[in-house]
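>
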Amino acid sequence: MSNHREKGNEAFKKGDFVSSWTLYTQGLSEDPIDPFLWCNRSLVNIKLETFELGYMDALKARDLLTSSSIPNPNSPYSTRLLEDITLQNLLIKAYRRMAESMSLFGVSQRAVVILENLLNHPTYSKYITNNKDKEDFNAMLENCRNKSKSTRETLTRSIPDTNTSKQEYIDKCLDMGSSNFDYPWDRKRQENRCSDANIQLLQKELTPYLQCNVSVGRVTFANSNSSNSSSSGFSSFQIGVFSEDDIPEGMVIWKEEAFLVVHPYTIPRCHHCARRIRGVNNEHPEAPPNFKCEKSNCDEVFCGKQCYEMAESRYHTHLCGKDLQPLLSLVHQGKSGNNDKNPMMLLKLFAIAKIKKTSPLDVSNIRYLSQFHPSKPSSPSIYNTSTTLPAILIDYYLETLSILGISPYDVKYDFWIYITLFNILRVNVFGSPGYLCLYRFISLINHSCQFNITTLHLTSNDEDRTPKYEFEENDMAVIASREIKRGEQILASYCDSSINKMRRGMVLVPTYGFECDCEKCKNEDPKDLSSLYSVPLWLIKTPEE
Numbered sequence: 001m002s003n004h005r006e007k008g009n010e011a012f013k014k015g016d017f018v019s020s021w022t023l024y025t026q027g028l029s030e031d032p033i034d035p036f037l038w039c040n041r042s043l044v045n046i047k048l049e050t051f052e053l054g055y056m057d058a059l060k061a062r063d064l065l066t067s068s069s070i071p072n073p074n075s076p077y078s079t080r081l082l083e084d085i086t087l088q089n090l091l092i093k094a095y096r097r098m099a100e101s102m103s104l105f106g107v108s109q110r111a112v113v114i115l116e117n118l119l120n121h122p123t124y125s126k127y128i129t130n131n132k133d134k135e136d137f138n139a140m141l142e143n144c145r146n147k148s149k150s151t152r153e154t155l156t157r158s159i160p161d162t163n164t165s166k167q168e169y170i171d172k173c174l175d176m177g178s179s180n181f182d183y184p185w186d187r188k189r190q191e192n193r194c195s196d197a198n199i200q201l202l203q204k205e206l207t208p209y210l211q212c213n214v215s216v217g218r219v220t221f222a223n224s225n226s227s228n229s230s231s232s233g234f235s236s237f238q239i240g241v242f243s244e245d246d247i248p249e250g251m252v253i254w255k256e257e258a259f260l261v262v263h264p265y266t267i268p269r270c271h272h273c274a275r276r277i278r279g280v281n282n283e284h285p286e287a288p289p290n291f292k293c294e295k296s297n298c299d300e301v302f303c304g305k306q307c308y309e310m311a312e313s314r315y316h317t318h319l320c321g322k323d324l325q326p327l328l329s330l331v332h333q334g335k336s337g338n339n340d341k342n343p344m345m346l347l348k349l350f351a352i353a354k355i356k357k358t359s360p361l362d363v364s365n366i367r368y369l370s371q372f373h374p375s376k377p378s379s380p381s382i383y384n385t386s387t388t389l390p391a392i393l394i395d396y397y398l399e400t401l402s403i404l405g406i407s408p409y410d411v412k413y414d415f416w417i418y419i420t421l422f423n424i425l426r427v428n429v430f431g432s433p434g435y436l437c438l439y440r441f442i443s444l445i446n447h448s449c450q451f452n453i454t455t456l457h458l459t460s461n462d463e464d465r466t467p468k469y470e471f472e473e474n475d476m477a478v479i480a481s482r483e484i485k486r487g488e489q490i491l492a493s494y495c496d497s498s499i500n501k502m503r504r505g506m507v508l509v510p511t512y513g514f515e516c517d518c519e520k521c522k523n524e525d526p527k528d529l530s531s532l533y534s535v536p537l538w539l540i541k542t543p544e545e
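Residue numbers (UniProt numbering): 1 to 545.
(1) Enumerate in chain order the residues of its own chain whose CB-to-CB distance from C273 is below 7 Å, with the five nearest sequence positions on each side excluded.
(2) Give every residue of the same chain whose Cβ lies closer than 8 Å to the Cβ of M345, excluding the five residues on either side of it in the sequence, and list them in chain order.
(3) In its own chain, which residues sit with a C-beta less than 6 Å from the C-beta of Y55, not counting the 5 before and 5 after it?
(4) I'd like the list of long-range same chain contacts for L327, defined as Cβ closer than 6 Å, with 5 residues on each side in sequence excluded.
(5) Measure how close the beta-carbons of Q450 and E515 come, nearest whole angstrom, since I'm counting them as under 8 Å.
(6) Give me the Cα-Cα distance between P268 and R276, rounded to the nearest whole angstrom.
(7) Candidates S215, P343, I406 and D57: which alpha carbon is nearest P390's?
(8) Alpha carbon to alpha carbon, how far is L53 from K188?
(9) Could you tell me the distance, in whole angstroms, from the CA atom of Y418 to the CA atom of Y396?
(10) Please tell me whether Y315 and A351 are closer than 9 Å, where the distance is taken between their beta carbons.
(11) Mind checking which residues open and close the beta strand (DSSP E) that includes H457?
(12) Assuming contact is defined by CB atoms lying nearer than 9 Å, are A94 and M140 in contact in what I supplied?
(13) Taking the alpha-carbon positions, what's the R152 to I392 distance?
(14) Suppose contacts are defined by Cβ-Cβ distances below 9 Å. Is F17 in contact with L48 by that definition?
(15) Find the nearest neighbour of D245 within the set G487, A61, N281 and A311, judged by alpha-carbon distance.
(16) Three-state secondary structure (DSSP) at Y439?
(17) Measure the Cβ-Cβ separation of V427 and G513 and say whether it is below 9 Å.
(18) Report the option in E257, G279 and A258 whose CA atom is closest to the CA atom of Y265.
(19) Q489 bridges to which residues according to DSSP?
(20) Considering K343, what are the terminal residues of the alpha helix (DSSP H) in which it resides?
(21) Can you give me the C-alpha to C-alpha distance between P380 and F237, rounded to a whole angstrom?
(22) Which one or two residues does DSSP pair with W254 in a beta bridge?
(23) On the DSSP bridge list, what partners appear for H447?
(24) Look at the Cβ atom of I442, then the Cβ atom of E249, and state whether they are nearer than 9 Å.
(25) Here's the rule: buried if 16 or more other CB atoms are within 10 angstroms of the residue's CB, otherwise exposed. What is L82?
(26) Write down the C-beta distance between S125 and L118 rounded to the nearest angstrom, noting that I regard them as a contact closer than 8 Å.
(27) Taking the beta carbon of M502 as the centre, do at least 16 other beta carbons fall within 10 Å, making it buried, or is it exposed?
(28) Apart from the five residues just before and just after E6, which ones in its own chain have a Cβ nearer than 7 Å to its Cβ?
(29) Return the CA-CA distance between S460 and L65, expressed in angstroms with no decimal places.
(30) Does V216 come out as helix, strand or coil in the three-state DSSP assignment?
(31) Could you tell me which residues DSSP pairs with T387 in its beta bridges?
(32) Over the uninterrupted beta strand (DSSP E) stretch that includes G431, give me the two end residues.
(33) Apart from the five residues just before and just after G8, which ones in its own chain have a Cβ nearer than 6 Å to its Cβ?
(34) Cα-Cα, which of I239, I394, M506 and K292 is closest to G217?
(35) Would you mind working out which of N281, A477 and L421 sits nearest A492, comparing C-alpha positions?
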């Protein structure tokens, strides 16, 4: 037994689950194909109620033992499984924890599939030699079937028959789990976002883009249950941007280029900037000509050599010649709501991290961005700190690793990192018709329904054409919508501020995880948005959906 595993076991017995998780992870960084460490960490995740992670760890333990779905050519365990009763017992534990995690996560139908695969498997089912275990597995299977059936019946009653996509929508809801996104080992990283050193560095990096005198600073929120920031986070601090001089209405405060752009490959677009291009069949004859990747085995096309070279230097090296269709097929299923293009952004971020030989969370343009966390509602009687997380993220994650040739056992690319990045993107990407853009500095601007700036997306695409400004494709301009006084915080509205408070909340609460507490919201009835928390979050629909 490894030293880390032994110490992790000791911490677990004392109930110190965070230390136990950390010790098992340290062990996995040294021996990533130890199924005992993965299975033990799975149980820790169940205790910490990070059920989505418990499932993934148990899956990795199972596949190290069986060579089922995740490639593990270096694993010596699968060849010993038939003779080693200890490994057989570990396999049964892994299956149990996979099913338990998925059931507690809230996706009972996936738990049913896991249990049926075990109980109907001609070899693995024989390892369940204890009658009590057999009874437990069958009871678990029956319970998961009943939960899945009950949820389907509830959704069927709740959704009007007039909805032409009713059945498809029900299937999507049934594949939605629930998570609080509270990963204790990651709190320090999030707190460091607002450190003096990071704020000084952000100021230095933002200054070259500025056309007005503004500063980056720290914002304190009096009530962490409702926030004007894109993350309720774990503290009452966020980063903000402030005017250092009076700024007249209509003034461009700064303009910046997109850090990353992605599209879902539904029409011909540049792989780097998503500008429309002519296409192989000349679908858009007036658009720029196709500039094909110079490698003969790659079909990616760009709008010109400049975009090709920029993509090549950032991420394309690890995507060149790769078959993206399996991931695109998952994306086109549309099971992650407004976040359906984010897996393509995550693919590029993981490719950047692989080139830099670092964790994706350490990519410089990402580490300053806040992330989604569900906050407490204003009424504590219906306190709910979890929200939906599509189970299809499991499939996105594994397919992303497969495309990039990353080992699923490399803890630099752990599943919690993928989910954390997903939650960063969901509150920071800017959507345009058919594609998404990610910006470094505009994402620092906090929300208020009494905003003082607007943003203008600068693009040459037909569906979003922009006049009069000189720009690079997908530049974003920050423009004063009224006079801004010196010392004021620069604020944008994350929703249509002209609609009533309840409808604004229907965007802000499920999408960004907070209730706005600006003066407009304080003075407008209803006084709180507690009713938004009294129904399942899958029934809250934003106008964009």
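C-beta atoms are modelled at their ideal positions from N, C-alpha and C, and glycine is treated no differently.
In short:
(1) Residue 273 sits at position 273 when you count from the first residue of the sequence shown. Only V261, C303, C307, E473 and N474 meet the Cβ criterion.
(2) Here the question's residue 345 lines up with position 345 in the sequence shown. Take M345, set aside five residues on each side of it, and the residues of its chain with a beta-carbon closer than 8 Å to its own are L260, V262, L425, V429, L436 and L438, in chain order.
(3) Walking along the sequence shown from the start, residue 55 turns up at place 55. The residues are M98, S101 and M102.
(4) Taking the sequence shown and counting its residues from 1, the one referred to as residue 327 is at position 327. Taking L327 as the centre and dropping the five residues before and after it, the same chain places the C-beta of E399 closer than 6 Å to its C-beta, in chain order.
(5) Counted from its first residue, the sequence shown places residue 450 at position 450. Counted from its first residue, the sequence shown places residue 515 at position 515. Contact between Q450 and E515 is ruled out by a C-beta separation of about 15 Å, above the 8 Å threshold.
(6) Your numbering for residue 268 matches position 268 in the sequence shown. Your numbering for residue 276 matches position 276 in the sequence shown. If you take the alpha carbons of P268 and R276, they lie about 6 Å apart.
(7) As a position in the sequence shown, residue 390 is number 390, starting the count at 1. For the residues S215, P343, I406 and D57, the minimum Cα distance to P390 belongs to P343.
(8) As a first step, residue 53 is located in the sequence shown; it is residue number 53 there, counting from the start. As a first step, residue 188 is located in the sequence shown; it is residue number 188 there, counting from the start. Cα to Cα, L53 sits roughly 19 Å from K188.
(9) The residue labelled residue 418 in the question sits at position 418 within the sequence shown. The residue labelled residue 396 in the question sits at position 396 within the sequence shown. So the two alpha carbons sit approximately 9 Å from each other.
(10) By 1-based counting over the sequence shown, the position of residue 315 is 315. By 1-based counting over the sequence shown, the position of residue 351 is 351. In this structure, A351 lies closer than 9 Å to Y315 by Cβ.
(11) Against the sequence shown, residue 457 aligns to sequence position 457. Its beta strand (DSSP E) spans residues I453 to L458.
(12) For the purposes of this step, residue 94 is identified with residue 94 of the sequence shown, where counting begins at 1. For the purposes of this step, residue 140 is identified with residue 140 of the sequence shown, where counting begins at 1. Not a contact, by the Cβ cut-off of 9 Å.
(13) To locate residue 152, count along the sequence shown from 1; it is residue 152. To locate residue 392, count along the sequence shown from 1; it is residue 392. For R152 and I392, the distance between alpha carbons rounds to 18 Å.
(14) Taking the first residue of the sequence shown as position 1, residue 17 is located at position 17. Taking the first residue of the sequence shown as position 1, residue 48 is located at position 48. In this structure, the beta-carbon distance from F17 to L48 falls below 9 Å.
(15) For the purposes of this step, residue 245 is taken as the residue at position 245 of the sequence shown. Per the Cα distances, G487.
(16) For this step, residue 439 is matched to residue 439 along the sequence shown. Three-state result, Y439: coil.
(17) Here the question's residue 427 lines up with position 427 in the sequence shown. Here the question's residue 513 lines up with position 513 in the sequence shown. Against a cut-off of 9 Å, the Cβ pair of G513 and V427 comes out as a contact.
(18) Translated into the one-based positions of the sequence shown, residue 265 becomes position 265. Of the candidates E257, G279 and A258, the one whose C-alpha sits nearest the C-alpha of Y265 is G279.
(19) If you number the sequence shown from 1, residue 489 lands on position 489. F242, per the DSSP bridge assignment.
(20) Indexing the sequence shown from 1 puts residue 343 at position 343. According to the sequence shown, residue 343 is Pro rather than Lys. Run containing P343: N342 to K356, per the alpha helix (DSSP H) assignment.
(21) Translated into positions along the sequence shown, residue 380 becomes position 380. Translated into positions along the sequence shown, residue 237 becomes position 237. Note on P380: pLDDT 37, under 50, position unreliable in the model; the coordinate value appears next. P380 and F237 have their alpha carbons spaced roughly 22 Å apart.
(22) Numbered from 1 along the sequence shown, position 254 holds the residue referred to as residue 254. Per DSSP, L210 and V478.
(23) Your numbering for residue 447 matches position 447 in the sequence shown. Looking at the DSSP output, H447 sits in a beta bridge with A492.
(24) Start at 1 with the first residue of the sequence shown, and residue 442 comes out as number 442. Start at 1 with the first residue of the sequence shown, and residue 249 comes out as number 249. Cβ distance not < 9 Å, so I442 and E249 don't count as in contact.
(25) Residue mapping note: residue 82 aligns to position 82 of the sequence shown, counting from 1. It is exposed - the Cβ of L82 has fewer than 16 other Cβ atoms within 10 Å.
(26) Locating residue 125 in the sequence shown gives position 125, where the first residue counts as 1. Locating residue 118 in the sequence shown gives position 118, where the first residue counts as 1. Taking the Cβ atoms as the reference, S125 lies roughly 6 Å from L118, within the contact range of under 8 Å.
(27) Translated into positions along the sequence shown, residue 502 becomes position 502. Exposed, because fewer than 16 other Cβ atoms sit within 10 Å of the Cβ of M502.
(28) The residue labelled residue 6 in the question sits at position 6 within the sequence shown. Hits under 7 Å: none found.
(29) In the sequence shown, counting from the first residue as 1, residue 460 sits at position 460. In the sequence shown, counting from the first residue as 1, residue 65 sits at position 65. S460 and L65 have their alpha carbons spaced roughly 53 Å apart.
(30) Numbered from 1 along the sequence shown, position 216 holds the residue referred to as residue 216. DSSP places V216 in the strand class (E or B) of the three-state scheme.
(31) By 1-based counting over the sequence shown, the position of residue 387 is 387. Note: T387 sits in a beta bridge opposite S179.
(32) Position 431 of the sequence shown, counted from the start, is the residue given in the question as residue 431. Here the beta strand (DSSP E) through G431 covers F430 to S432.
(33) As a working mapping, residue 8 is identified with position 8 in the sequence shown. Closer than 6 Å at the Cβ level, and outside the excluded window around G8, lie S20, L23 and Y24.
(34) Stepping through the sequence shown from its first residue, residue 217 is reached at position 217. Ranking the options by Cα distance to G217, first place goes to I239.
(35) Numbered from its first residue, the sequence shown carries residue 492 at position 492. In terms of Cα proximity to A492, the closest of N281, A477 and L421 is A477.
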